[in-house]
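Student: Note that the working numbering has the sequence shown beginning at 2, numbered continuously upward.
Idealized CB from N, CA, C, for every residue including glycine.
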Amino acid sequence: MRPRQPACWSSHQYGVGGDLCLELGPDNWHRDQNTAADMLVSAHRLLADEEARRTEGATVIPSRHSVTQGQEQRGKYVRFIITPAALAELGGVKDGDWAIAHFRQIYHNEASIVFLFKLEIQGNGPLVFSEVPEELSRHGFSVIGLVKGGNQEAALTDALSNAEALASYLDGETLPILDGESDPLCETRVDFVLMRSADSSWQLTMRWGSRQKLWLCSTVIAETSPASVRLGPDSAELSDTTVAIVGLGSVGSKIATSLARSGVNRFVLIDDDLLQPDNLVRNDSDWRHVGQHKVDAVADRLALVNSKIEVYRHRVRLAGQESATTAASATAAMGNASVIIDATANADAFNLCAHIARQSRRPLVWLEIYAGGIGGLIARARPDRDPEPFTLRQAINDAAGRIAKEKNAISPETGANYAIERSNQSPIIATDAEVSTIAHLACQLVADTLLEREPSRFPNPAYLVGLQRQWIFDQPLQVFPIDSHDIGSWTSDSPMDSSTHAAGLDFVKQLFEDLVSRGKTDTAS
């Protein structure tokens with residue numbers, strides 16, 4: 002039930018001209034028991050009781066009107082987000098004193114969001130609120146504001162209805178000095194004023210448009226509970242680990258973001274490629290990052306997901322033509338990580354990752370998406386606990402071949418290797434959902450590895466996972482665990498297979514050719 006014309010009849014109403022909040026509503030209406038007459042009776046009772054309360058001071062009218070934070074913010078365009086840490090520090094501004102506040106305002110289509118980044122209280126150093134990611138400072142606009150300590154009279158906050166009234170009020174105040182400047186902060190430089198009202202709630206006032214109008218922002222107390230509340234105690238242990246990811250394409254970008262959400266704070270990201278528009282069908286980045294190196298795009302993404310993130314970027318092509326110094330820096334960073342992830346599905350890159358894992362005795366996790374999105378592979382090799390990477394790769398190939406032979410299964414792409422996507426081949430066909438499924442399974446394998454769970458949640462070192470009824474898979478979500486009783490040698494001087502030896506020789510040959518080519522160029526110049 003609502004007014005025919007826009008009007009505010011009751012405090013129990015969804016906005017001007019909106020529905021009345023009655024004893025009967027969509028949540029408790031029963032068509033066999035209730036009629037429109039019941040609605041009229043309820044509306045009359047509500048309006049009569051409110052009138053009696055206004056004129057006779059009757060008791061508060063019982064209400065079943067309960068709304069969520071999201072419902073409250075509908076129709077509120079400018080929203081001030083305040084974290085619990087900021088809320089606590091604001092209480093340190095003494096009655097009558099002023100503090101300088103640094104805000105960040107970000108405009109969206111349906112809302113303008115204001116964050117409090119930093120607070121400068123007289124006599125104290127600047128307070129930076131780490132809950133708000135520093136990366137957010139690259140977005141939107143920086144705005145300077147003032148904070149007034151102590152509860153303010155309702156008459157004062159009501160009087161600040163326009164810029165002239167604000168200027169008049171500030172003109173009579175002793176304002177603080179900004180960033181060590183000799184002159185006090187001038188009122189014309191103030192875009193926000195934050196005051197605590199008589200009921201102790203914080204109210205943010207903003208200059209709007211031509212700066213002649215003041216806008217009262219809606220305050221939202223942010224929920225920033227520890228990650229362990231939603232993720233469990235494992236997130237704290239993950240925060241002390243470092244993850245190296247080689248390849249930041251559709252798979253690597255998803256893994257990085259998921260691990261950052263899970264609690265991992267340090268990453269080594271390695272990829273030389275640029276983000277192209279056609280990558281967006283599966284990559285975790287978006288149009289804001291097109292043209293960036295994928296490493297930088299993912300790093301920016303992680304910084305907005307996790308405010309404590311540390312990223313070491315290497316725009317390097319592993320197993321490609323790079324300077325020895327550049328390549329050595331990247332491989333050294335990989336060797337110092339807690340786990341190495343090969344997300345390239347490239348045999349040459351795998352060989353190098355495997356050698357580094359063996360040399361540094363670090364766990365290696367790798368995954369592959371099979372062409373057509375029919376399924377994928379996740380695998381890990383931990384020093385002296387699982388087969389070393391080359392032995393495990395051979396065991397996987399042998400097991401897949403044996404299963405295919407038993408089922409008389411032929412690859413839809415005759416002669417093609419599902420697992421390998423070389424740089425000179427077209428990208429594999431797979432949907433974002435198919436890539437995400439395998440990537441997120443790999444994330445669980447990585448977390449299990451980092452936490453060194455005993456017993457492990459993954460009793461086998463490798464798994465073939467089906468997503469379609471194709472090839473060796475009889476149905477979606479069919480899983481073939483792969484094991485190998487041959488651990489192999491994790492020492493760096495163990496014999497290498499012929500393909501690995503050939504790849505190493507090709508790599509050294511490319512380095513020499515590069516040096517010779519540079520020498521000729523220098524001589525000619």
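1. DSSP three-state label for residue 207, please.
2. Using a Cβ distance threshold of 8 Å, determine whether the region 457-477 contacts the region 368-384, with at least three qualifying pairs required.
3. Which runs of the beta strand (DSSP E) at least 3 residues long sit entirely within the region 250-279? Give them in chain order.
4. Using 8 Å for Cβ pairs, my map puts residue 389 next to residue 359. What's the rounded Cβ distance?
5. So is residue 415 buried or exposed if we call it buried at 16+ other beta carbons inside 10 Å?
6. Could you spell out the range, first to last residue, of the alpha helix (DSSP H) harbouring residue 395?
7. Run the CB neighbour count on residue 52, radius 10 Å, all protein chains shown included, and call it buried at 16 or more, exposed below.
8. Return the CA-CA distance between residue 21 and residue 29, expressed in angstroms with no decimal places.
9. Below 8 Å on the Cβ atoms is my guess for residue 82 versus residue 245; work out the distance and round it to an integer in Å.
10. If distances are taken between C-alpha atoms only, which option among 270, 488 and 5 comes closest to residue 393?
11. Using CA atoms only, rank isn't needed, just tell me which of 121, 447 and 346 is closest to residue 429.
12. Can you list, in chain order, the residues of its chain with a C-beta nearer than 7 Å to that of residue 527? Leave out the 5 residues immediately preceding and following it.
13. Suppose the cutoff is 6 Å on Cβ atoms and the five residues either side in sequence are ignored; what does the same chain contact list for residue 508 look like?
14. When you compare only the Cα positions, how much space is there between residue 491 and residue 369?
15. Along the chain, where does the beta strand (DSSP E) that runs through residue 175 open and close?
16. Pull up the distance between the alpha-carbon of residue 483 and that of residue 466, whole angstroms please.
17. Just checking my contact of residue 375 with residue 476 at CB under 8 Å: how many whole Å lie between their CB atoms?
18. Grab me the residues of residue 274's own chain with a C-beta within less than 6 Å of its C-beta, minus the 5 sequence neighbours each way, in chain order.
19. Determine the direct distance from the alpha carbon of residue 206 to that of residue 264, and round the result to whole angstroms.
20. Which stretch, first to last residue, makes up the beta strand (DSSP E) that contains residue 152?
21. Who are the near neighbours of residue 134 in its chain, counting only those whose CB is closer than 7 Å to its CB and skipping five residues on each side?
22. Who are residue 551's beta bridge partners in DSSP?
23. Taking Cβ positions, are residue 448 and residue 137 nearer each other than 8 Å?
24. Name the residue from 18, 117, 33 and 85 whose alpha carbon lies nearest to the alpha carbon of residue 5.
25. Residue ranges of each beta strand (DSSP E) run of no fewer than 3 residues wholly in the region 274-316, ordered along the chain?
26. So, residue 315 versus residue 334, is the Cβ gap smaller than 8 Å?
27. Looking at the strands, I want to know which residues DSSP matches up with residue 117.
28. Do you know how far the Cα of residue 70 is from the Cα of residue 337?
29. In chain order, what residues of the same chain have a beta carbon less than 7 Å from the beta carbon of residue 3, not counting five sequence neighbours either side?
30. Under three-state DSSP, which class holds residue 219?
Tutor: In short:
1. strand
2. yes
3. 267-271
4. 6 Å
5. Only weak support is given to the placement of residue 415: the predicted model assigns it a pLDDT of 34, under 50, and the value that follows is read from those uncertain coordinates. Exposed, since its Cβ has fewer than 16 Cβ neighbours within 10 Å.
6. 390-408
7. exposed
8. 15 Å
9. The Cβ separation is near 34 Å, so there is no contact.
10. 488
11. 346
12. Any question about residue 527 goes unanswered here, given that the chain covers just 2 to 526.
13. none
14. 23 Å
15. No beta strand (DSSP E) holds residue 175; DSSP gives it neither H nor E.
16. 11 Å
17. So it is not a contact: roughly 11 Å between Cβ atoms.
18. 295
19. 36 Å
20. 142-152
21. 304, 305 and 308
22. One cannot answer for residue 551 here, as it falls past the ends of the chain, which runs 2 to 526.
23. no
24. 18
25. 311-315
26. yes
27. 104
28. 45 Å
29. 18, 19, 20 and 21
30. strand
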